[in-house]
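Protein chains in written order, with full-length UniProt numbering: chain A, 1 to 351; chain B, 1 to 448.
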């Protein structure tokens, strides 16, 4: 097969990996930064942490895989994306590091100062990634001010962290925060019981309205700010992707209102996946468009690995991704029961 | 300082910090799995208590190993984007494969292991710790194969202005990587065994839970001795590889300036870098170095003077690190052998001086681990990919010194705090000793 087939396969996989990462870590991040609002006491905080306890680590690996896949399949993009977003990624790394250890460390000592410090750490370290991922993707959609001289393999870039915080980047950032907030609240609603679960359901219902407003703003603003619409106008059949995103978002509200929280959560998963697919479809075949000059765009065709590497990676992905999905489903089934207050109080292994 | 130097500092700092936690994870995961196997097969509750106690130390340590690993992956793109672009075709694949093949398995099943005690059957629970620890070890293998490619590049051609893979099998079977993997893996087992021996000795000195800790000590002493012996053997095999493929590193490790045949090994050497010779050179064992390097008494060892100055690694730190690492290895070999012999005796708990020594020995393997990486990575300079790409050409062009200074300060502060908290918690839980009552953690029966 021609190399372009593999380049397209890896573009699709690249989108899928990010979408699955946001779908899975989205509810962990949402649960994390809503913990301050949702939990009224230490036991409820522990219930929240334990509701994500068995799965957060495995969910985060999708990010490492998305990063690794970008490195392996599109090394030039990996190099530029990561070095150009340096300051934002440093903040992101700090947040992810703090979040991971907070879950493990919070319960290891008694004492209110200790626990309160980790509570604050959990909220900040869950909120920042949600916002930063949104800002980063918003800026990728918009295009990054870079010049790319392929003959000399020379890249120049003039952007800063402040430059990333442009209005469109911020709107995308807020969109991600609200998506994950609703997603997290729905997760808490199905994974806890009694009052805490109800409180989460009410919050999910309330947060849905601002989410809708920002989603509409994002769709509207994308027209002047990005070239995302071009592919959809060229091939109108693709419009089905954003339509599924919008329909899922509406169904989230429909089921949440009826109290069918499992269904609402399922459609929240679909919303996130199809929001990411919408962005990725709009980008194709670019991975990072240049805002200065279309000739400098990093595309899947000019930034990919060699045919051999793409072939090897495809074989690995075809075997491993289904395997991973299978055992992850098994794990979610083991831990499908809601976490109750008495569980964390009696279980010596709970966080 | 330049972006290159700062990025090197940052990579060294974050890598070495990551490497405080990984060897203990490698060793403790497999030893915990071993203890749980003993519990499941014998039904003896002491093994269950051992699984729980050592497993808790494993988990506190594991968390930091995981979160600091992401930093390593991201830094390739952030600080070394020219490297990533130039060799991504061949270096990116192992990283991606590690994530899908090993890291998922490890992270998912560690979660099940922690939270699954009362949710799945005993046997299924045992399977989860084995899956997690095998995945941890596989993960180390793949990362070390990636690192080995930087040390001894194989299976590539330079094409389209970058290194492109042309033989994946060569990358997977790079003997440099496999020897280094076994060397590194066994050193992790030795480190974990020394931690178990040290903590056990601490409790035995206080006559706390003698049965529990004598059993732990005995088990760990055997692991430590066998592993350290393996580290020494693979270390020798590794040196042969280095002498052949990385002559500058080998010359720096041994402080050899002149190219000679039938070189002896001096037990006391003091290098003089400015004058390009050794000031003190005493207690020479004739032909020993040639034998170690090539398993041939008359083998020719290339001296540093053979290479232009700008292609030589920093001699003094490489030399000293290598000497100190091997010295610590000898110390570990002797003390673990003594541990096996003494812990078999009835009055083992009365050997207070020895027990105190074993408590004090806990930092020894940690130091040896760090020094090993100094030899491997500093000894490779000025190359990032030996003979292919210089470190100075690998750095990102779009980042500024200010950015790296700020991130380096950030890492230092954050890692410093987390390291302190982690050590504090490890010491606290190690001192606390095992739980008396394990009845609440017996697995449910009959569920798959």
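Note that CB positions come from ideal geometry on N, CA and C, so glycine has one too.
Practice item. Answer yes or no: do residue 93 of chain B and residue 72 of chain A have a C-beta to C-beta separation smaller than 9 Å? Key: The residue you call residue 93 of chain B lines up with position 93 of the second chain. The residue you call residue 72 of chain A lines up with position 72 of the first chain. Against a cut-off of 9 Å, the Cβ pair of residue 72 of chain A and residue 93 of chain B comes out as a contact.
Point to revise | Where the segment 69–81 of chain B meets chain A: residues whose CB sits under 9 Å from a CB there | key: 69, 70, 71, 73, 74, 75, 76, 77, 78, 79, 80, 81
**Study point:** Residue closest to residue 21 of chain A, alpha-carbon to alpha-carbon, out of A:255, A:111, A:83, A:272
**Key:** Taking the first chain and counting its residues from 1, one reaches residue 21 of chain A at position 21. Minimum Cα distance to residue 21 of chain A is reached at A:272.
Check your understanding: Measuring CB to CB, does residue 382 of chain B end up less than 9 Å from residue 310 of chain B?
Key -> The residue you call residue 382 of chain B lines up with position 382 of the second chain. The residue you call residue 310 of chain B lines up with position 310 of the second chain. Taking 9 Å as the Cβ cut-off, residue 382 of chain B and residue 310 of chain B qualify as a contacting pair.
**Study point:** Beta-carbon neighbours of residue 69 of chain A, restricted to chain B and to distances below 7 Å
**Key:** Counting from 1 along the first chain, the entry for residue 69 of chain A is found at position 69. Ordered by position in chain B, the residues that pass the 7 Å Cβ test against residue 69 of chain A are 96.
Check your understanding: Counting contacts by CB-CB distance shorter than 9 Å, is residue 90 of chain B in contact with chain A?
Key -> One-based indexing of the second chain puts residue 90 of chain B at position 90. Yes - at least one Cβ of chain A is within 9 Å of the one on residue 90 of chain B.
Practice item. Entirely within the segment 181–232 of chain A and at least 4 residues each: give me those alpha helix (DSSP H) ranges in chain order. Key: 194–225
Exercise for review: With residue 162 of chain B as the anchor, note down where its beta strand (DSSP E) starts and where it stops.
Suggested key: Translated into positions along the second chain, residue 162 of chain B becomes position 162. Residues 162–165.
Exercise for review: Please confirm if residue 177 of chain B has its CB atom under 9 Å from at least one CB of chain A.
Suggested key: The sequence position of residue 177 of chain B within the second chain is 177, counting from 1. Output row for residue 177 of chain B: interface = no.
Point to revise | Burial state of residue 420 of chain B, where buried means 16 or more other Cβ atoms lie within 10 Å | key: Within the second chain, numbered from 1, the residue matching residue 420 of chain B stands at position 420. Exposed, since its Cβ has fewer than 16 Cβ neighbours within 10 Å.
Practice item. Kindly indicate if chain B contains any beta-carbon less than 9 Å away from that of residue 72 of chain A. Key: Reading the first chain from its first residue, position 72 is the one you call residue 72 of chain A. Cβ-Cβ to chain B under 9 Å: yes for residue 72 of chain A.
Exercise for review: Output the residue ranges of the alpha helix (DSSP H) runs that lie fully inside the segment 232–297 of chain A and measure 4 residues or longer, sorted by chain position.
Suggested key: 240–258, 261–283
**Study point:** Stretch-stretch touch, CB-based, cutoff 8 Å, three pairs: the segment 150–161 of chain B with the segment 16–33 of chain B
**Key:** no
Review point. From which residue to which residue does the alpha helix (DSSP H) around residue 217 of chain B run?
Key: Here the question's residue 217 of chain B lines up with position 217 in the second chain. 210–245 is the extent of the alpha helix (DSSP H) around residue 217 of chain B.
Check your understanding: Got a sec, what are the start and stop residues for the beta strand (DSSP E) residue 280 of chain B sits in?
Key -> Looking up residue 280 of chain B in the second chain gives position 280. 277–285 is the extent of the beta strand (DSSP E) around residue 280 of chain B.
Review point. On the three-state DSSP scale, how would you describe residue 352 of chain B?
Key: The residue given as residue 352 of chain B occupies position 352 in the second chain. Helix, per DSSP.
Check your understanding: By the criterion of Cβ-Cβ separation under 7 Å, what are the contact partners of residue 110 of chain A in chain B?
Key -> The residue given as residue 110 of chain A occupies position 110 in the first chain. Those do not exist, as residue 110 of chain A stays about 12 Å from chain B at its closest Cβ, beyond 7 Å.
Check your understanding: Is the shortest distance between the beta-carbon of residue 328 of chain A and the beta-carbons of chain B less than 9 Å?
Key -> On the first chain, position 328 is the one that residue 328 of chain A refers to. For residue 328 of chain A, the answer is yes, since a Cβ of chain B falls inside 9 Å of its Cβ.
Practice item. Keeping to the same chain, check which residues put their C-beta closer than 6 Å to that of residue 201 of chain B; ignore five residues upstream and five downstream. Key: Here residue 201 of chain B corresponds to residue number 201 of the second chain, with the count starting at 1. Closer than 6 Å at the Cβ level, and outside the excluded window around residue 201 of chain B, lie 355, 358, 359.
Point to revise | Contact check, residue 97 of chain A vs residue 78 of chain B, beta carbons under 9 Å | key: Stepping through the first chain from its first residue, residue 97 of chain A is reached at position 97. Stepping through the second chain from its first residue, residue 78 of chain B is reached at position 78. For residue 97 of chain A and residue 78 of chain B, no; Cβs fall outside 9 Å.
**Study point:** residue 280 of chain B burial status per 10 Å Cβ neighbour count (16 or more: buried)
**Key:** Mapped onto the second chain, residue 280 of chain B falls at position 280. So residue 280 of chain B ends up on the exposed side.
Check your understanding: Is it buried or exposed for residue 402 of chain B, if we count other Cβ within 10 angstroms and need 16 for buried?
Key -> Reading the second chain from its first residue, position 402 is the one you call residue 402 of chain B. Exposed.
Check your understanding: Excluding the five sequence neighbours on either side, which residues of its own chain have a C-beta within less than 6 Å of the C-beta of residue 451 of chain B, listed in chain order?
Key -> Because residue 451 of chain B is not part of the residues shown, which for chain B are 1 to 448, the question remains open.
Exercise for review: Indicate the three-state DSSP secondary structure (helix, strand or coil) for residue 347 of chain A in the structure shown.
Suggested key: To locate residue 347 of chain A, count along the first chain from 1; it is residue 347. The answer is coil: DSSP assigns residue 347 of chain A none of H, G, I, E or B.
Practice item. Identify every residue that forms a DSSP beta bridge with residue 272 of chain B. Key: In the second chain, the residue the question calls residue 272 of chain B occupies position 272. Answer is B:277.
Check your understanding: Just how far apart, CA to CA, sit residue 86 of chain B and residue 138 of chain B?
Key -> Translated into positions along the second chain, residue 86 of chain B becomes position 86. Translated into positions along the second chain, residue 138 of chain B becomes position 138. Cα to Cα, the separation comes out at about 26 Å.
**Study point:** Bridge partners - residue 300 of chain B, DSSP secondary structure assignment
**Key:** Here residue 300 of chain B refers to the residue found at position 300 when the second chain is read from its first residue. Per DSSP, B:261.
**Study point:** residue 8 of chain A vs residue 237 of chain A beta-carbon contact at 9 Å
**Key:** As a first step, residue 8 of chain A is located in the first chain; it is residue number 8 there, counting from the start. As a first step, residue 237 of chain A is located in the first chain; it is residue number 237 there, counting from the start. No, the Cβ-Cβ distance between residue 8 of chain A and residue 237 of chain A is not below 9 Å.
Check your understanding: Of all the CB atoms in chain A, is at least one closer than 9 Å to the CB of residue 39 of chain B?
Key -> Here residue 39 of chain B refers to the residue found at position 39 when the second chain is read from its first residue. It does not: the Cβ of residue 39 of chain B has no partner Cβ on chain A nearer than 9 Å.
Practice item. Return the CA-CA distance between residue 305 of chain B and residue 394 of chain B, expressed in angstroms with no decimal places. Key: Taking the first residue of the second chain as position 1, residue 305 of chain B is located at position 305. Taking the first residue of the second chain as position 1, residue 394 of chain B is located at position 394. So the alpha carbons of these two residues sit roughly 26 Å apart.
Review point. Is any beta-carbon of chain B found at less than 9 Å from that of residue 271 of chain A?
Key: As a working mapping, residue 271 of chain A is identified with position 271 in the first chain. Answer no: the Cβ-Cβ gap between residue 271 of chain A and chain B never drops below 9 Å.
Exercise for review: Measure from the alpha carbon of residue 120 of chain A to the alpha carbon of each residue in A:45, A:86, A:297, A:15, then state which is nearest.
Suggested key: Mapped onto the first chain, residue 120 of chain A falls at position 120. Ranking the options by Cα distance to residue 120 of chain A, first place goes to A:45.
Review point. Where does the unbroken beta strand (DSSP E) through residue 383 of chain B begin, and where does it stop?
Key: By one-based count along the second chain, residue 383 of chain B stands at place 383. From DSSP, the beta strand (DSSP E) with residue 383 of chain B extends over 383–385.
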